[in-house]
Amino acid sequence: MYDTTLDIYFRFVKPSDIEELRALYEECFPVSYPESWFQDLITKPCFIAYVALVNDRIIGILVAKVVTLGECAAEDRKILDSRFPLSSHVAYILSLGVTEAYRSNGIASYLLNSFVSYASGAFFNERCQDSITACQLQRASQNHASHGVQNTDGSVLPGSPSPSAFSAVTRPSQYNRAFRSLLDLIDLLPPLPPLCFAVFLHVLRTNYTARRFYENRGFRSLCIHHACYTIAGQPADGCTYVLHVNGGFAKPPTLWTYPYPYPNQFSRYHIRCN
């Protein structure tokens, strides 16, 4: 949990955020992002993108999307065992960052853990465990896709499309409000109809602070992508990190693979990338 003494709110990304997002990305990430990235972020509905706010200023962001294994780079398809078909779904975190002034307050962890809880289905399982069976949850997900938003009690609100059905440009204004709890914001998202078996991301190989951050939260290093980044005009290597969920690990859980959601069992060790 983040430092609750901070007056932080959470909401989805809006078109008016572009200037602030450019500044945040320039501060938080060593890679230069093209203008097309920020345009895609607000115009394409495939992204799940939310921000943390203090005094109505953006101080943190998470951007992710759900993809099939077949949509991943060839090296990243190793995140699941070969027995999984290419149609299997995984969650891909594209950006996670917090401005320097607000780091070490648990904000990045809160942004990350909340998304992992959503992508793994743990969030909705916990919300619905007393009132809806797993079978009913799946049926509610299917109804959601065709009818509307799922309420916190598992019911569907007909005629109210989910925010994930829109881009930041076309999203109805009622979905642009800010919440004190990120979980209340995530509650607006539908349960994911496809079951995700892993959450993965890429990080600069020499960014040891970021790598330790993910390792300390149960992610493990999978492979190296050589010269996949350009930093100051020079090629730089990246790492793929993965957290398996819903039985996505090829073998029973070991020191290297912990299925979410058991955050108290996450080991705090340093993984060496070869």
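Mapping of the sequence shown onto full-length UniProt numbering: residues 1 to 274, in sequence order.
Glycine included, each C-beta is placed from N, C-alpha and C at the ideal position.
Next item on the list: Would you give the residue range spanned by the beta strand (DSSP E) that D40 belongs to?
Entry: Not the beta strand (DSSP E): D40 falls in the alpha helix (DSSP H), residues E35 to T43.
Note to self: For R11, list the residues DSSP reports as bridge partners.
What the structure shows: DSSP output for R11 lists V51 as bridge partner(s).
Next item on the list: Reducing DSSP to helix, strand and coil, say where D76 ends up.
Entry: Here DSSP, grouped into helix, strand and coil, assigns D76 to helix.
Note to self: Between I107, G121, F213 and P190, which has its C-alpha nearest L182's C-alpha?
What the structure shows: Comparing alpha-carbon positions, the option among I107, G121, F213 and P190 lying closest to L182 turns out to be I107.
Item checked: Every unbroken alpha helix (DSSP H) within the region 169-199, with a cutoff of 4 residues, ordered by chain -> Runs of the alpha helix (DSSP H) inside the region 169-199: 182-186.
Notebook entry, point to check: Which partner residues does R212 have in the DSSP bridge list?
Noted result: According to DSSP, R212 bridges with nothing at all.
Checklist line | T243 versus Y110: straight-line alpha-carbon distance, rounded | finding: At residue 243 the sequence reads Leu, which differs from the Thr that was named. Each residue's alpha carbon lies about 16 Å from the other.
Notebook entry, point to check: I61 and V54: beta carbons closer than 7 Å?
Noted result: Taking 7 Å as the Cβ cut-off, I61 and V54 do not qualify as a contacting pair.
Check: Which residue comes first and which comes last in the alpha helix (DSSP H) that contains A23?
Finding: I18 to C28 is the span of the alpha helix (DSSP H), which, as asked, contains A23.
Check: Run through DSSP, which three-state label would A227 get?
Finding: In the displayed model, A227 falls within a strand according to three-state DSSP.
Check: With DSSP run on the structure shown, which of helix, strand or coil describes V67?
Finding: Looking at V67 - three-state DSSP - the assignment turns out to be strand.
Check: For R77, which of F47, R171, T4 and F200 has the nearest alpha-carbon?
Finding: Out of F47, R171, T4 and F200, F200 has the C-alpha closest to the C-alpha of R77.
Notebook entry, point to check: Do you know whose CA, among S32, S36, L24 and D56, lies nearest A178's CA?
Noted result: The shortest Cα separation from A178 among S32, S36, L24 and D56 belongs to D56.
Next item on the list: State the beta-bridge partners of I61 as determined by DSSP.
Entry: According to DSSP, I61 bridges with V51 and G97.
Margin query: With DSSP as the reference, identify every bridge partner of S221, one or two as the case may be.
Written below: Beta-bridge analysis with DSSP links S221 to Y241.
Next item on the list: Quick one: grab the DSSP three-state call for T5.
Entry: Reduced to three states, the DSSP call for T5 is coil.
Check: Just the Cα atoms here: how many angstroms apart are Y229 and R205?
Finding: Rounded to the nearest whole angstrom, the CA to CA distance from Y229 to R205 is 10 Å.
Notebook entry, point to check: From V31, F219, S173 and A210, pick the residue whose C-alpha is nearest to that of A232; which is it?
Noted result: Nearest to A232 by C-alpha distance, out of V31, F219, S173 and A210, is V31.
Notebook entry, point to check: For K14, which residues from the same chain have a beta carbon less than 6 Å from its beta carbon, with the 5 sequence-adjacent residues on both sides left out?
Noted result: Non-local C-beta neighbours of K14 in its own chain, meaning closer than 6 Å and more than five positions away in sequence, comprise A168 and N176, ordered along the chain.
Next item on the list: Check whether the Cβ atoms of L96 and G70 lie closer than 7 Å to each other.
Entry: No; because the gap between Cβ atoms is not below 7 Å, this pair is not in contact.
Checklist line | Close-in-space but distant-in-sequence residues of the same chain around F124 (CB under 6 Å, 5 per side omitted) | finding: Hits under 6 Å: P191.
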